[in-house]
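A.B. asks: Numbers 6 to 392, taken from my numbering, label the letters of the sequence shown in order.
Built from N, CA and C at the ideal position, the CB exists for glycine as well.
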Amino acid sequence: MTTESRTSGGARNQIVTTIRQWVQRDVIPLSMKYERDGIYPRELVEQMKGMGLFGLNVPQEYGGLGLDYTTFAMVFEEIAKGWMAVCGVIGSHHIMTHIVVHGGTQEQRQRWMPRMSRGELRGGLALTEPNAGSDVQAIQTRAVRQGDGYVINGTKMFVTNGLHGDAVALLAVTDPAAQPRYRGFSCLIAEKGPGFTVGRELDKLGYRGVDTCELIFTDYRCPADSLVGEKEGEGFRHVLSALEGGRINIAARSVGIATAALEAAIRYAQERQTFGKPIAQHQAIQLMLADMATKVQAARLLTYEAARRKDSGERVDLEAGMAKLFASEVCQQVALDAMRVFGGYGYMKDLPIERYYRDAPLMIIGEGTNEIQRLVIARQLLQRYQI
Ligand SMILES: Cc1cc2nc3c(=O)[nH]c(=O)nc-3n(C[C@H](O)[C@H](O)[C@H](O)COP(=O)(O)OP(=O)(O)OC[C@H]3O[C@@H](n4cnc5c(N)ncnc54)[C@H](O)[C@@H]3O)c2cc1C
6 MTTESRTSGG
16 ARNQIVTTIR
26 QWVQRDVIPL
36 SMKYERDGIY
46 PRELVEQMKG
56 MGLFGLNVPQ
66 EYGGLGLDYT
76 TFAMVFEEIA
86 KGWMAVCGVI
96 GSHHIMTHIV
106 VHGGTQEQRQ
116 RWMPRMSRGE
126 LRGGLALTEP
136 NAGSDVQAIQ
146 TRAVRQGDGY
156 VINGTKMFVT
166 NGLHGDAVAL
176 LAVTDPAAQP
186 RYRGFSCLIA
196 EKGPGFTVGR
206 ELDKLGYRGV
216 DTCELIFTDY
226 RCPADSLVGE
236 KEGEGFRHVL
246 SALEGGRINI
256 AARSVGIATA
266 ALEAAIRYAQ
276 ERQTFGKPIA
286 QHQAIQLMLA
296 DMATKVQAAR
306 LLTYEAARRK
316 DSGERVDLEA
326 GMAKLFASEV
336 CQQVALDAMR
346 VFGGYGYMKD
356 LPIERYYRDA
366 PLMIIGEGTN
376 EIQRLVIARQ
386 LLQRYQI
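Set out below in structure tokens:
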């Protein structure tokens, strides 16, 4: 698959405007109650299907919208401004579509992509295990070739869309003797069926409403052509390639949350009076708003730059890592600063400020923690500037 992709400015503006209007009209009104009660937003999922968001950057020949990563980032930013958890419904789904589009065979693309693009087959990524998160090479889930299929045993952890989704891109060990270990990993498309059970749905600080689960595979059988690509041992490479887009996605969500927090703070600072004037007239608040806005804009530009480079077909481990690292840290800082501006009201459940604050830390942890991002960035730097 060629990776270069461009969306015209007109098409990009149109979809971003459509998403912004949808978020204002349909997402924000539901967000407070659904988030508080942990309700899965079924109606929003149906609307996202209708807008084609499950095939956002799947090529049109496989039923997707075929949009580029810059537009992809802008769409995630807009949704996260309203309610970040809704991004989760399509976030890891897109990691799975990327794995199939770029790592799969033509037959696999034709088989899975149209259903996935329509949201009829909704997916996720099953990488993490109870004892293997950052240290992906420690995964233990085994896929053993038997007859015309694979038999899979193991447990996956923290899988978003594990309950409401239909399938996952599963990373499993196919050759336990391989050295280094990752050379023995393969990616399989595991559709729900006998032997594939949802262990438990996990309760969370934020990111509520979207499901995050433990998945248990017990003698789960899938056909041999569930193996992504033509040969075993390519799974780690497929996942790393998809995580580039995943990191742009997390950076964009971070920018969205931070923008919502910033804009709320700017509005509130002009309404709230202390000592006879709006708090926006106090220089301490002005300095805070200025720093918040500058950081958010820097995060946005890093995110768009990573997306732009990915659209030109480059590998962007460095740029996507930087964007994810910086934007997620900014998100956490700006969410807290917005709470400072709001004072006691920011801490209350009546306003979304406390939700921004609870949703922000996942941006630091997800798609590789920020400690791991720094290691990825440093590795890239040392490669690019090798003496
Ligand atoms: C809400 C939520 C949704 C998620 N969704 C998914 C999903 O859909 N699919 C999926 O596969 N996973 C998912 N994850 C898992 C997520 O990707 C992992 O939590 C993350 O990669 C960190 O792994 P860990 O939790 O095992 O932490 P650990 O790897 O145990 O790390 C613990 C701490 O040690 C640090 N650390 C680890 N190794 C090093 C090192 N070499 N140098 C320096 N510091 C280090 C980490 O940065 C962290 O601070 C999700 C997680 C959450 C919380």
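#1: Does the beta-carbon distance from residue 105 to residue 44 come in below 8 Å?
#2: Between the Cα of residue 70 and those of 88, 242, 212, 11, spot the shortest distance and give me the residue it belongs to.
#3: Just the Cα atoms here: how many angstroms apart are residue 99 and residue 351?
#4: Using 10 angstroms around the beta-carbon of residue 191, count the other beta-carbons present and answer buried if the total reaches 16, otherwise exposed.
#5: Shortest alpha-carbon distance to residue 334 belongs to which of 116, 260, 151?
#6: Give the straight-line distance between the Cα atoms of residue 166 and residue 29, rounded to the nearest whole angstrom.
#7: With the cut-off set at 8 Å, would you say residue 67 and residue 113 are in Cβ contact?
#8: Along the alpha helix (DSSP H) that carries residue 299, what are the first and last residues, could you check?
#9: In terms of DSSP beta bridges, what is residue 158 paired with?
#10: Helix, strand or coil, according to DSSP, for residue 1 in the structure here?
#11: One question on the structure: do residue 285 and residue 291 come within less than 8 Å of each other, judged by their Cβ atoms?
#12: With a Cβ-Cβ cutoff of 8 Å, do residue 226 and residue 218 count as a contact?
#13: Could you please give the first and the last residue of the uninterrupted beta strand (DSSP E) stretch that includes residue 393?
#14: Near residue 221, which residues of its chain fall below 7 Å by C-beta distance, leaving aside the five closest residues on each side in sequence?
#15: Let's test the definition: count the other Cβ atoms within 10 Å of the Cβ of residue 7 and tell me whether it reaches 16, buried, or not, exposed.
#16: Within a Cβ cutoff of 6 Å, which residues of the same chain sit near residue 88, ignoring the five residues on either side of it in sequence?
#17: How big is the Cα-Cα spacing for residue 187 and residue 363?
#18: Any heavy atom of ligand 1 closer than 7 Å to the beta-carbon of residue 94?
#19: Drop a sphere of 10 angstroms on the beta-carbon of residue 305, count the other beta-carbons inside from all chains shown, and report buried for 16 or more, exposed for fewer.
#20: Between 267, 38, 171, which has its C-alpha nearest residue 302's C-alpha?
#21: Does the distance from the C-beta atom of residue 57 to that of residue 101 stay below 8 Å?
#22: Give a yes or no on whether the C-beta atoms belonging to residue 294 and residue 216 are separated by under 8 Å.
#23: Alpha carbon to alpha carbon, how far is residue 171 from residue 126? Give it in angstroms, no decimals.
#24: For residue 379, count the other beta carbons within 10 Å of its own beta carbon; 16 or more makes it buried, fewer makes it exposed. Which is it?
#25: Taking residue 339 as the reference, give the member of 389, 360, 323, 97 with the closest Cα.
#26: Identify every run of the beta strand (DSSP E) within the segment 215-276, keeping only runs that are complete inside it and at least 3 residues long; order them along the chain.
#27: Starting from residue 139, trace the beta strand (DSSP E) both ways and give me its first and last residue.
#28: On the DSSP bridge list, what partners appear for residue 192?
#29: Name the two residues that bound the continuous beta strand (DSSP E) containing residue 129.
#30: Based on the DSSP secondary-structure assignment, which residues constitute the bridge partners of residue 164?
#31: Contact defined as beta carbons within less than 8 Å: I believe residue 20 pairs with residue 72. What is the distance between those atoms, to the nearest angstrom?
C.D. replies: Taking the coordinates as given:
#1: In the sequence shown, counting from the first residue as 1, residue 105 sits at position 100. In the sequence shown, counting from the first residue as 1, residue 44 sits at position 39. In this structure, residue 44 does not lie closer than 8 Å to residue 105 by Cβ.
#2: The sequence position of residue 70 within the sequence shown is 65, counting from 1. Per the Cα distances, 11.
#3: The residue labelled residue 99 in the question sits at position 94 within the sequence shown. The residue labelled residue 351 in the question sits at position 346 within the sequence shown. Straight-line Cα distance between these residues: approximately 33 Å.
#4: The residue you call residue 191 lines up with position 186 of the sequence shown. Classification for residue 191: buried.
#5: Walking along the sequence shown from the start, residue 334 turns up at place 329. Cα-wise, what sits closest to residue 334 is 260.
#6: Looking up residue 166 in the sequence shown gives position 161. Looking up residue 29 in the sequence shown gives position 24. Looking at the two C-alpha atoms, the distance is approximately 24 Å.
#7: In the sequence shown, the residue the question calls residue 67 occupies position 62. In the sequence shown, the residue the question calls residue 113 occupies position 108. No, Cβ-Cβ distance for residue 67 and residue 113 is not below 8 Å.
#8: Along the sequence shown, one-based indexing puts residue 299 at 294. 288-316 is the extent of the alpha helix (DSSP H) around residue 299.
#9: Taking the sequence shown and counting its residues from 1, the one referred to as residue 158 is at position 153. BP columns for residue 158 point to 147.
#10: In the structure as shown, the chain begins at 6 and stops at 392. Residue 1 is therefore absent and cannot be evaluated.
#11: If you number the sequence shown from 1, residue 285 lands on position 280. If you number the sequence shown from 1, residue 291 lands on position 286. Against a cut-off of 8 Å, the Cβ pair of residue 291 and residue 285 comes out as a contact.
#12: Within the sequence shown, residue 226 is the residue found at index 221, counting from 1. Within the sequence shown, residue 218 is the residue found at index 213, counting from 1. Contact flag unset, no.
#13: Only positions 6 to 392 of the chain appear in this structure, which leaves residue 393 out of reach.
#14: For the purposes of this step, residue 221 is identified with residue 216 of the sequence shown, where counting begins at 1. Excluding positions up to five away in sequence, the list reads 160, 202, 204.
#15: If you number the sequence shown from 1, residue 7 lands on position 2. Summary for residue 7: the model assigns pLDDT 48, below 50, so the residue's position carries little reliability, and this model does not support an answer.
#16: In the sequence shown, residue 88 corresponds to position 83, counting from 1. Counting only Cβ-Cβ distances below 6 Å, and skipping sequence neighbours, we find 32, 36.
#17: Position 182 of the sequence shown, counted from the start, is the residue given in the question as residue 187. Position 358 of the sequence shown, counted from the start, is the residue given in the question as residue 363. C-alpha separation (whole angstroms): 34 Å.
#18: For the purposes of this step, residue 94 is taken as the residue at position 89 of the sequence shown. No, Cβ of residue 94 sits at least 7 Å from all heavy atoms of ligand 1.
#19: What you label residue 305 is simply residue 300 of the sequence shown in a count that begins at 1. By the neighbour-count rule (16 or more Cβ atoms within 10 Å), residue 305 is buried.
#20: Residue numbering aside, residue 302 sits at position 297 when the sequence shown is read from its first letter. Considering only alpha carbons, the answer is 267.
#21: Position 52 of the sequence shown holds residue 57. Position 96 of the sequence shown holds residue 101. For residue 57 and residue 101, no; Cβs fall outside 8 Å.
#22: Here residue 294 refers to the residue found at position 289 when the sequence shown is read from its first residue. Here residue 216 refers to the residue found at position 211 when the sequence shown is read from its first residue. Going by C-beta atoms, residue 294 is not nearer than 8 Å to residue 216.
#23: Within the sequence shown, the letter at position 121 stands for residue 126. Within the sequence shown, the letter at position 166 stands for residue 171. Cα to Cα, the separation comes out at about 6 Å.
#24: As a working note, residue 379 is residue 374 in the sequence shown. By the neighbour-count rule (16 or more Cβ atoms within 10 Å), residue 379 is not buried but exposed.
#25: Taking the first residue of the sequence shown as 1, we reach residue 339 at position 334. Measuring from the Cα of residue 339, the nearest candidate turns out to be 360.
#26: 217-228
#27: Counting from 1 along the sequence shown, the entry for residue 139 is found at position 134. Neither: residue 139 is in no beta strand (DSSP E) and is coded neither H nor E.
#28: Counting from one through the sequence shown, the residue named residue 192 turns up at place 187. According to DSSP, which records beta bridges pairwise, residue 192 is partnered with 176.
#29: One-based indexing of the sequence shown puts residue 129 at position 124. Note, residue 129: beta strand (DSSP E), 128-131.
#30: Mapped onto the sequence shown, residue 164 falls at position 159. Note: residue 164 sits in a beta bridge opposite 218.
#31: Translated into the one-based positions of the sequence shown, residue 20 becomes position 15. Translated into the one-based positions of the sequence shown, residue 72 becomes position 67. Yes, they are in contact, since the Cβ atoms of residue 20 and residue 72 sit about 7 Å apart, within 8 Å.
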